[in-house]
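Colleague: Everything in the sequence shown is counted per my numbering, starting at 1285 for the first residue and increasing by one.
Glycine residues also receive a C-beta, built at the ideal position from the N, C-alpha and C atoms.
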Amino acid sequence: MYVTIVELAEYLGVHPEYLLEQIQIGNVNAVFDGKQYLINKAQFEWHKEQIEKKLMELKEEQMEPLPEDPDVKDED
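And the structure:
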């Protein structure tokens, strides 16, 4: 499925100008139809899944309580 730069930017959560830069330097494959670039969305699905997986892991890690520091002394 081919999408426009704006549609892909919304899907990935990045700025459209960033995608345009990546196309121009050759990091993203795209087809120019005379008016706009069209990008195969399938090439980003695995990447997006991996990012979402990592974000979930980071959120879970942040929810874990900090271990008590054995060097802390109660001075009361």
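1. To the nearest angstrom, how far is the alpha carbon of Tyr1286 from that of Gly1310?
2. Among residues of its own chain, excluding the 5 on either side of Leu1303, which ones have a beta-carbon nearer than 7 Å to its beta-carbon?
3. Looking at C-alpha atoms only, which residue of Pro1354, Asp1353, Leu1339 is the closest neighbour of Met1347?
4. Using the C-alpha atoms, what's the distance from Asp1353 back to Leu1342?
5. According to DSSP, is Leu1322 part of a helix, a strand, or is it coil?
Modeller: Per the coordinate set shown:
1. 17 Å
2. Ile1289, Leu1292, Ala1293, Val1312
3. Looking at the Cα atoms, Leu1339 is the closest of the given residues.
4. 22 Å
5. Correct three-state label for Leu1322: strand.
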